[in-house]
Structures are given as C-alpha cells and as structure tokens.
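Engineer: Got a structure for you, written out below as structure tokens; questions coming shortly.
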Amino acid sequence: MAMQISIAIIITFTALSIVRADRRQEVPIAGIFEAGSVGESAFSFAVYVYNKNSRNPFYLLPKLSILVPPHDALRVMDRFCDLVSDNVLAVFVSELAFDGEVNKVLANTAAALQIPLITTADGRGGVYTRNLMPTTTDALAEVLVHENWTTFAYLTTSMEGVGRLGQLIWELQERGSNLSLAEVTVHYVGVRGIEEKELQESLVALDGALKKRVTRRVVVDSRVAETNQLMRMFSRMGMNRGEYEFLFASLNVADTDLVDYIYSGVKLAGFRLMDPDRNDVKQFAADWNNWNSRSSTVPNLAPTAFTTATSTPPFYHAALMADAVALFTSTLHCRLQQMEPHRANASLAELTAAALQMRQQSSLNGGSGRGDGNGRSGCYLGGRLMYQHGAYQVRGLGAIAELRRHFVAVDVGDGCGDMGLRGLTGDLRTCVEEREVGELVLWSAMDTTGLQPVARWSPTTHLNFDAFKPPLIAKAVDTTPKPSDDFEGGERLPQVWEEDFDPSVIIDRQRLADYRNRTIRVVTIWSKPFVQPKPRKLGAPPAQGIDRFEGFCVDLLEEISKIVGFKYDIHIVYDGIFGTKIGEMPPQRVEVLSRRPLSNVVDRRVETRRLQVWNGLIGEILNNTADLVVAPLTVNYLRAQVVEFSEPFLAFGLSLIIKKPGKQKSGSLSFLRPLSNAVWYAIFGAWITVSLGLYVIARISPTEWQVMKDPLTGKRYYNRRFTLGNSIWISFAAFVQQYLSFILQGVDFAPRAPGTRLLIAVWWFVTLILIAFYTANLAAFLTISLRVPPINGWSDLLKSDMEYGSLKSGSTRDFFFNTKLEPFAQLGAWMKRNTHALASNLEEGVERVRSSKGKYAFVLESVMNEYVNNREPCDTMMVGSAFGNYGYGIALPRRSPMREALSDAVLRLRESQVLTNLRKKWWIERGQCSAAADADRSAANALALINVAGVFHILVGGLLLALLVAAVELSWHMRWRHKGRWWRRRRRRRRSESTEATRKSTKSEVGTRLESNEVDPWTMQIQ
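Taken in order, the sequence shown gives residues -21 to -1, 1 to 1002; the numbers are from mature numbering (1 follows the signal peptide of the UniProt record, and there is no 0).
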C-alpha cells in the first residue's frame, strides 16, 4: 500500500512537470523519513503546494529515502550520503523521523559534507543545519510563573527533554519565581520500543511520587505519538482525576487524544503554534485536509479535539514543512541574485543536469523517487569510505557545491540572513541555529467543551490573557428575573475583570497598549527649570507644538521618546496644581469577573468601589485627558494608589529657603565670637572647678602644709600657700599663658605636692589647646564678613518668630499635615492654624521670602532650592540640611504596559550620565549667580562645644587623677606617722636631758631654724 501511495505521488509530480506551461528551473532536493510517518506526508504536501503555484521561480524535484524501523545512526548516515551523491541541493528531515541522537548524527554529517540540512526536529543543529521547530521554554516559564507552579513533576521521553528542563529552571529563576528545586521531580519515560508493562511501572512511580501533594502538577515533554500513548496509559491507570494538572511543553496539544479526559475534571493545557483564525492558516488547513482525503495517506493516529473522526494527520507538521520549503526556495533565489551572472548561469545549468540525472534514475527504478539504500552509498568513493583522519573528504567543486556552502547565512548582514519572510508559523530566517517562537496560543481543557484558547504569547507582548476574554457588559437591562444581588430593579451591574478592578480608580490596560502607533498626550506644569516657555527670537514667528517649551523635563522627554519609540504632544495642566485628592464619587456596585487558572470558566462576585477625585496633574491622568505626566511630580504613597510611577529620574529632600541675611557689623564684644556661648560657659566652669580642685588637693596633701613660728611672739601657726584666692589666681594666670612667669603675675610659689602638680599640668595643656583654637578662629572672624542666619535648621523655626509655609497643594503639604515625626508634626500643626502662610505656587513662595526681610521661610524641594539660590538677584539661601529621600517620577495610568519601558529608559539615561549632564546644563551652566557674588557668605562659624569636648574630658580625667594621688599621699603620711611614734618619743626625751647651757647657747640658732624650716603638721617635728 505504501509503495502504491509513493508511486502515485511521483506520478503526480511528473504530470505537473509535463503539463506546466512555463519552464521553471528544476531544483533537486531530498528527504529522509520513516515509512508511513506524518513527516513524509507533510513533505510531499509542501512540495506539491509549492510546485502548484506557477508564480514560484523554481520547480522542486524531490527524492525520498524511506526507512523502516528499527534503524540505527549508521544506517541513517548511509542513506543521507546516498542522497547527497545525486547532487541534491538540500536535505529535509521531519521532527517525527528519529530520536535526538540520530538527529545529531545527521547534523554532524551535513556539516562534514557541507550540505544544508533543513529540519523540524527538536534541539540545536550544526553549522549547516537550520531548525524550524521553535523552542517554547520562555513561554512555558511564563505560564509556570503566572500560575505559580512552584512544585511539579517533569515527564519527558527523551534526553533532550532533560536538557530543556535545565533551561526551564534557569528561566524560572531569572523571572524571580519561588521555585523550590527540591520539589521538582524529573521522570524519564522511554515510550518508544518498550513494553506496556515497563511503561506502566514508570507511571506508577510517577503517581507514587505525587500522591502526597494536593494538586498533582505534571509538565509533559514528548512527541505526538508518544503523548497519545502516555495519555491513554494515564487514563487506564486512573491518573485522569481532578487533582491532576497537565501542561504540555511541546506544540502537539492540538493533536492529543482527549476523549477519556472530557468528563474527568482533569486540567489540561498546552501550546499551539498557529492561530487557527488566520485566513492563510485556514486555507492551508483546508488544502491539507483535501490532500490527505485524496491520497488516503492517513497515519494511525487517534482523533483529536481539532479534527473529525475521519482524522487528519497533525496539522502543524505540514505547516512547519511548508515554511521549510519556503525558506529554502527564498534563500536559493537570494543567493542566485547575489552571484555574478556567469556563476549563476553555471549553477542553473548544473541544477538542470542534476535534475535530469535524478529523473533518469527514477525511471530506471520504476518511476519511484524513493531510495531503498541498496546501491553504493554516496559516502564511498572508489570503494572507500570518504571519512579519513577524523573528517569527511568533501566531493564536488562545482556550482552546486558552492551553493551548498553559502546557503546558510552567518549573520543578517549578508543580505539573505533575514529577508523579512513571514511564514505560517512565524518569521523565517537562515541566520539562526535555534529558532525563537514568534507567537503561540495557549489552549486549555477544563470541561466538556474540549480545548479552548485562553491566552496568546509572543516575545514582545508576553503572556496575554486578554486576547480570548469574552466581551464585558458595561450596563444592560436583563429581562429575565434572577434571584441574585447582581441585579437591582432588573438592571445588570457594570462588569469588570479581576485584574482590571481597583476600588479607587477605573483601570484601562489597553489605554497605552499601542503607544508606538499613536501620539502620547503629555501634561506638565510651569516650573523652572523643569518646564518653562522657550524664548522667542526677534522676528521669529510664534512657536507651535512642543517647540513652545524648554527645560529639564522637556529634554528628558525627548531622550525617553528616542529610546522607547513614540510620538508625543505637550500641554500645561489647566489649574496649575501638582495634584491632591479632593473627594470621592458616590459608591458604585460592580460585578467583578475572574477566570479560573488556565481556563475560560468565569467566576463572578459583586464589589463596591469609590472612585477618587483628584485635581491637577493626577486629575488629568484619571480623567483621561492626558496619558503621561512628565513634571517635577513627587512620588508618594497616596498618588501611587491611583496612578503608577516610573523609576525616579531625580532625587531630592525637603529643605528651607530664607532671605540671605545682611552683613553683621562688628561690636565691642566681637572678640567673644570665635567661641560659642557654650564654650565660654564651659571655660568659666572649668576655671572655677580647677581652682576649687587646687584648693582641696592642697588642703589634703601634707606636702603643701607648713608650720611656721612668729619670730616676735614665738607662736606657731599653719601656713598653706594654696588658699582659695591663690588657687583662683594661679588658674587664671595659667589660662592667659603667663604661668611660666609667676613673679610677673604676683605668684611667688609653685605647687610642690604630686596632686597639685598633676592638676596644674593638665590645666596648662587644656588652656594651650583652647588658646590655639581661639587664636585661629579669631583670625578668621576678623578677615571674613559675617552673615549670620536667623535660623540654622528645622528645630530653630519653633523657637523663632519667623513665619513659614509650603505650597497649598502637593506632597510637601501632605507630609507636614499627616506626619507624626517631630519637629515636623509641630511645624505642620502651625501651618494648619496659619493657612495664610501657604503659597499657591513656587514663584509666590520665593517672592514672599525675598520681600519678608528675613521674617518668612519657605519649604520646598532641595533641587528647587539650589536652582532659586542660583538665580538673580541672588538674595536667598538654604539653611540646614535636606530631610528625607524623595524622587520625581513619570506618572501614567494604573497597570499601563508602558511603565516598564519608561523605567528601563530612565535607568539607561542614568547609567549613561545623561541625567547628570541635563542637571548640570539647567542648574549650573545656566546659573546667574557667580562664585564672587556668594563669596561674602561666612565660612567661619563660632567654635561649638562639641569641637572641643575632648579637652574638657581630659581636664576632668586629670582632676580625678589628682584627687586620687592626693588621697594616696595622705594615706602614706598617716601610715608613716603611726610607725615613727616610738622614735619621736625617744627624740623628745633626749632633748629634755640636754643641759641648760646647751639650750642657752643654741637659743638664737633654733629660733632662726623655726622661721625657715618645714614642720610636719601631723607630728609637729622639724623635717
């Protein structure tokens, strides 16, 4: 039967070649397929369709090599070489032909013999191989992330599937999936060539591995015939239950037998390569059905959800093969046009000769174009295999060999790599080894309706579930009464999808879906230097459109439009306000629709929403009078509830601006300015403390005491030189750095005890540092004109009599009115009580600062503060530091598809320093205040206590150490007096036994000694 079918196909090709009116160039090609496979039928049909169109420049002359399983790699390679010997220009291979290892052998052989191999098999090819089977890894990863499949089993029937799993896991991790690698189980089930018992044991192991999971999710990666066998076995083993979810990784879900799964409750989903609603796809499908019904070459495949009971072989294989033929012929035509005329004519002549030789050989074989492999293989030359020293010996140096070598494009730049060819299955190119899928349709089966399209996927729009949503009912009268709260008075509630529902705003995700094909309406606000009128040149006509504006935001918008690719128009907000919530609409009840995962089944519920009403820039977005806001609009939480923001393009904080104070005249007490009041108080306190310390230590230390005797009266008395007055005086003398000249200062004694010496040394060190600080700061104060601001920060506002305020409407006012952070809460409370201090716009606030004579402070963004201070008349300044970390962002409608593109553009501009250059252009290069105009601002500040706190710490430490030394000294003297009591009594007894004569002779001498020698105050003995 198969022989009769093949003979009929060849006779049909021969008849067409005889009766055709034109003389098209014949091109010999070849194909290797399994006997009775879908690939053989698809290839024959694709060639037939191409040859039937007389407008095509070539007439394809195919030669088929049919293999009957079982087969091995050596046999397939031998058949391949046999086809090459007939000077065919390319070899075609179907996806269903062989397993992965054989496909690799074919790719390597094609590369060695330098002949194009066009295949629809899975996996990567070689240098001369072009694979038209697209990869679905990206689409599969997006579905898994969207459905939150963090645990699943991966069932594959080939080792290539295991490799695709590794790529899938990498894609999931790149997309930020919560995938648990420990919960991913891989099951390799070899379906081809195994017994049913072995297959059943493998599936039992799979079912056992999933039995502990509530939802048993399985990703199936297999071919059509293998998938049908697996699904039949799933049904036989009872795995078609409601807790199972199957997701097909390949493109054969439309060709799967689902008869046993319609009423089972199991969830099935998979991809289809083409949209069946396309007109060209419908026409091709009709031709494919007619071809199979006329030729009766129907493989043994079960009916599917897309075919009738009579069944048609898998449709997408024929479409892939038709695209393969289209890619081959288009590339051949391009290569011939690139060649020189004489080389092109030689190539055509060789192609004609090769086609004639193939026809003659076909007639000798009984009219069959099928090769059986009984002849000598084309891989042999002179009885020897053309494989020596690790490489094939390539034959053929003619034009056909040249066409073979240059058929595959290395890159797009050679002219034939990307010809803009659009096929049934997507874009066709010869400059890629692995084809990226152009568009996929996700199908799912959840009920008795069979497979239904639920989403569309493409590399640009990604996973889109909106393509197959049923239409919504905005508001319609329902004549059928139903006992449901969805209806009030016979009137149906407005409907909205779950992903489009928001309790505060109306979401229209299609609003900017086609932003590249329309003019974007951009709203902004007058705010220098962000947006300002463009100066009109003398004699020039009035500017129109976007030429009316200039500024930072205008330049930013132009740069973003170049990156994203859209046109725009600019207008100014009608009320001149950034945007504040002013109220809410009356509550509205809506019917919220949600679609079950991977299904078209819709669930319904009733929700109540209160639409917010805003003014200003935000109001224009909500009222659909603008598409984007490009302005100095602060990103905050309240605004983010009703609009979306891009990545901030400029960061800032809140700051205070005041009028620059005038120069301060020097007074009689100007010498006190180098040190702050706190430092002067600390110095005075340290002086008194050191004086008291000297007094106490001198009183404790025995070394500082003397027992003196009045030479006139003969009375003894205690002499302690460090009295309170002397202690204060010597401390002061040390402070004024005269402690080395005690006589000049009236101090005729020095400390003798260790404690007093230690304390006075520390005091000398402290005074040395303080005098050095004072001298240096005094020189700065005498040489610099001072501008002393009335406040130095936020806290000073509460202590001063200055008024302060912000804009009447905006994020700054909202922050002060709602914050609980001090001192900003107190500042906000004052603003609420004194609303007259708030300004309508920035210009009004700055003008009020300039005319208030230093009695008003305005709160604004730090970037605006810097700009205003750099503009004439240069009479304002920023005080304190900026508070907070805020940013300006581009506002757009909620869930807009344009958000990611805008954020990416802002990041690119930031990394390329474009934003930095724009800020430099509008803040610095166009500034009006030179450095000389601001040179009189004080750079010298009074020395604060924190700057010299260290020396006072040293002083306190020295005082404590001196007290400790004095205590140790006192203790030692007390111990020494106790031990020397016996010696002192003996000494007194000896003195009493002295003769009266000795006392008289020494009377005058002893009196002199009592006047000058020191006496121990505790023993009253002369030292």
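We treat Cβ as the ideally placed atom computed from N, Cα and C, and that holds for glycine. Source: prediction; values computed, not measured.
Distance, Cα to Cα, I739 vs W951?
Structural biologist: Within the sequence shown, numbered from 1, the residue matching residue 739 stands at position 760. Within the sequence shown, numbered from 1, the residue matching residue 951 stands at position 972. Going from the Cα of I739 to the Cα of W951 covers about 22 Å.
Engineer: Quick one: using the 10 Å Cβ neighbour count with 16 as the cut-off for buried, is E826 buried or exposed?
Structural biologist: The residue labelled residue 826 in the question sits at position 847 within the sequence shown. Exposed: under 16 other Cβ atoms inside 10 Å.
Engineer: So what does DSSP say about T136, is it helix, strand or coil?
Structural biologist: Within the sequence shown, residue 136 is the residue found at index 157, counting from 1. In the structure shown, T136 sits in coil (DSSP, three-state: anything other than H, G, I, E or B).
Engineer: Measure the C-alpha to C-alpha separation of L590 and G402 and round it to an integer number of angstroms.
Structural biologist: Start at 1 with the first residue of the sequence shown, and residue 590 comes out as number 611. Start at 1 with the first residue of the sequence shown, and residue 402 comes out as number 423. Rounded to whole angstroms, L590 to G402 spans 47 Å at the Cα level.
Engineer: Could you check the C-alpha separation between residue 1007 and H312 for me, to the nearest Å?
Structural biologist: This structure cannot speak to residue 1007, because the chain is shown only from -21 to 1002.
Engineer: For I94, count the other beta carbons within 10 Å of its own beta carbon; 16 or more makes it buried, fewer makes it exposed. Which is it?
Structural biologist: Indexing the sequence shown from 1 puts residue 94 at position 115. When all chains shown are included, I94 counts as buried.
Engineer: So, at 7 Å on beta carbons, what are the nonlocal neighbours of L939 in its own chain, with the 5 sequence-adjacent residues on each side left out?
Structural biologist: In the sequence shown, counting from the first residue as 1, residue 939 sits at position 960. So the list is empty, once near-sequence residues are dropped.
Engineer: What is the DSSP secondary structure of K688, counted as helix, strand or coil?
Structural biologist: As a working note, residue 688 is residue 709 in the sequence shown. Strand at K688.
Engineer: Assess, as a yes-or-no matter, whether the segment 22 to 37 is touched by the segment 255 to 271 under the definition of 3 or more beta carbon pairs within less than 8 Å.
Structural biologist: Proximity of the segment 255 to 271 to the segment 22 to 37 meets the contact definition, three or more beta-carbon pairs being nearer than 8 Å.
Engineer: Would you call the segment 593 to 611 and the segment 486 to 503 touching, i.e. three or more CB-CB distances under 8 Å?
Structural biologist: yes
Engineer: In this structure, what does DSSP give as the bridge partners for V55?
Structural biologist: The residue you call residue 55 lines up with position 76 of the sequence shown. BP columns for V55 are empty, so no partner.
Engineer: Does R588 pass the burial test, meaning 16 or more other C-beta atoms within 10 Å, or should it be called exposed?
Structural biologist: To locate residue 588, count along the sequence shown from 1; it is residue 609. So R588 counts as buried.
Engineer: Alpha carbons only, please: which of I11, A118, G544 is nearest the one belonging to P438?
Structural biologist: Taking the sequence shown and counting its residues from 1, one reaches residue 438 at position 459. Closest by alpha carbon: A118.
Engineer: Under the rule that 16 or more other beta-carbon atoms within 10 Å means buried, what is E623, buried or exposed?
Structural biologist: The sequence position of residue 623 within the sequence shown is 644, counting from 1. Burial call: buried.
Engineer: Going by DSSP in three states, E150 sits in which element: helix, strand or coil?
Structural biologist: Numbered from 1 along the sequence shown, position 171 holds the residue referred to as residue 150. For E150, the three-state secondary structure derived from DSSP is helix.
Engineer: Assuming Y29 and R3 form a contact by the criterion Cβ under 8 Å, report the distance between their Cβ atoms to the nearest whole angstrom.
Structural biologist: Walking along the sequence shown from the start, residue 29 turns up at place 50. Walking along the sequence shown from the start, residue 3 turns up at place 24. 11 Å between Cβ atoms; not a contact.
Engineer: I'd like to know if the segment 653 to 664 and the segment 626 to 637 are in contact, where contact means that at least 3 CB-CB pairs between them fall below 8 Å.
Structural biologist: At 8 Å Cβ cutoff, the stretches do not touch.
Engineer: For the segment 776 to 790 and the segment 810 to 818, state whether three or more C-beta atom pairs, one from each stretch, are separated by less than 8 Å.
Structural biologist: yes
Engineer: How is the alpha helix (DSSP H) around M843 delimited, first residue to last?
Structural biologist: Counting from 1 along the sequence shown, the entry for residue 843 is found at position 864. Element bounds for M843: 841 to 848.
Engineer: What number of angstroms, rounded off, separates the C-alpha of E381 from the C-alpha of V17?
Structural biologist: Numbered from 1 along the sequence shown, position 402 holds the residue referred to as residue 381. Numbered from 1 along the sequence shown, position 38 holds the residue referred to as residue 17. Those two C-alpha atoms are separated by around 32 Å.
Engineer: Looking only at its own chain, which residues have a Cβ that is under 6 Å from the Cβ of S573, when we skip the five neighbours before and after it?
Structural biologist: Position 594 of the sequence shown, counted from the start, is the residue given in the question as residue 573. Excluding sequence neighbours, S573 sits near E477, D582.
Engineer: Any chance the segment 886 to 896 sits against the segment 663 to 682, with 3 or more Cβ pairs inside 8 Å?
Structural biologist: no
Engineer: Would you call K31 buried or exposed, if buried means 16 or more other Cβ atoms sit within 10 Å of its Cβ?
Structural biologist: Residue 31 sits at position 52 when you count from the first residue of the sequence shown. Exposed: under 16 other Cβ atoms inside 10 Å.
Engineer: Output the boundary residues of the alpha helix (DSSP H) element that contains V622.
Structural biologist: As a first step, residue 622 is located in the sequence shown; it is residue number 643 there, counting from the start. Taken as a continuous stretch (DSSP letters only), V622 belongs to no alpha helix (DSSP H), as it is neither H nor E.
Engineer: Pull up the CB-CB distance for I379 and S326, whole angstroms please, since I reckon it's below 8 Å.
Structural biologist: Sequence index remark: in the sequence shown, residue 379 carries index 400 (1-based). Sequence index remark: in the sequence shown, residue 326 carries index 347 (1-based). At roughly 7 Å, the Cβ-Cβ gap stays under 8 Å, so I379 and S326 are in contact.
Engineer: Terminal residues of the continuous beta strand (DSSP E) containing E478?
Structural biologist: The sequence position of residue 478 within the sequence shown is 499, counting from 1. No beta strand (DSSP E) holds E478; DSSP gives it neither H nor E.
Engineer: So what does DSSP say about Q4, is it helix, strand or coil?
Structural biologist: As a position in the sequence shown, residue 4 is number 25, starting the count at 1. Reduced to three states, the DSSP call for Q4 is strand.
Engineer: Taking only the alpha-carbon atoms, compute the straight-line gap between Q892 and L612 and give it to the nearest angstrom.
Structural biologist: On the sequence shown, position 913 is the one that residue 892 refers to. On the sequence shown, position 633 is the one that residue 612 refers to. Cα to Cα, the separation comes out at about 21 Å.
Engineer: At the level of alpha carbons, what is the spacing between G824 and E537?
Structural biologist: The sequence position of residue 824 within the sequence shown is 845, counting from 1. The sequence position of residue 537 within the sequence shown is 558, counting from 1. Each residue's Cα considered, the two are about 30 Å apart.
Engineer: State the CB to CB distance for the pair M564 and V592, rounded to an integer number of angstroms; the pair is presumed to be in contact (CB under 8 Å).
Structural biologist: Here residue 564 refers to the residue found at position 585 when the sequence shown is read from its first residue. Here residue 592 refers to the residue found at position 613 when the sequence shown is read from its first residue. The pair is a contact, with the Cβ atoms about 6 Å apart (cut-off 8 Å).
Engineer: Starting from A248, follow the beta strand (DSSP E) in both directions and report where the run begins and ends.
Structural biologist: As a working note, residue 248 is residue 269 in the sequence shown. That run of the beta strand (DSSP E) goes 246 to 251.
Engineer: Helix, strand or coil: how does DSSP classify G672 here?
Structural biologist: For the purposes of this step, residue 672 is taken as the residue at position 693 of the sequence shown. Looking at G672 - three-state DSSP - the assignment turns out to be helix.
Engineer: The beta strand (DSSP E) with I542 in it runs from where to where?
Structural biologist: On the sequence shown, position 563 is the one that residue 542 refers to. From DSSP, I542 is part of no beta strand (DSSP E) but of the alpha helix (DSSP H) over 531 to 543.
Engineer: Is it the case that the segment 509 to 526 contacts the segment 849 to 857, given that we only count it when at least three CB pairs across the two stretches are under 8 Å?
Structural biologist: no
Engineer: Taking the alpha-carbon positions, what's the G524 to I549 distance?
Structural biologist: Along the sequence shown, one-based indexing puts residue 524 at 545. Along the sequence shown, one-based indexing puts residue 549 at 570. Going from the Cα of G524 to the Cα of I549 covers about 7 Å.
Engineer: Within the same chain, show all residues whose beta-carbon is closer than 7 Å to that of M781, passing over the 5 residues directly before and after it, in chain order.
Structural biologist: Taking the sequence shown and counting its residues from 1, the one referred to as residue 781 is at position 802. Cβ neighbours of M781 beyond the five flanking positions: P769, I770, K834, Y835, A836.
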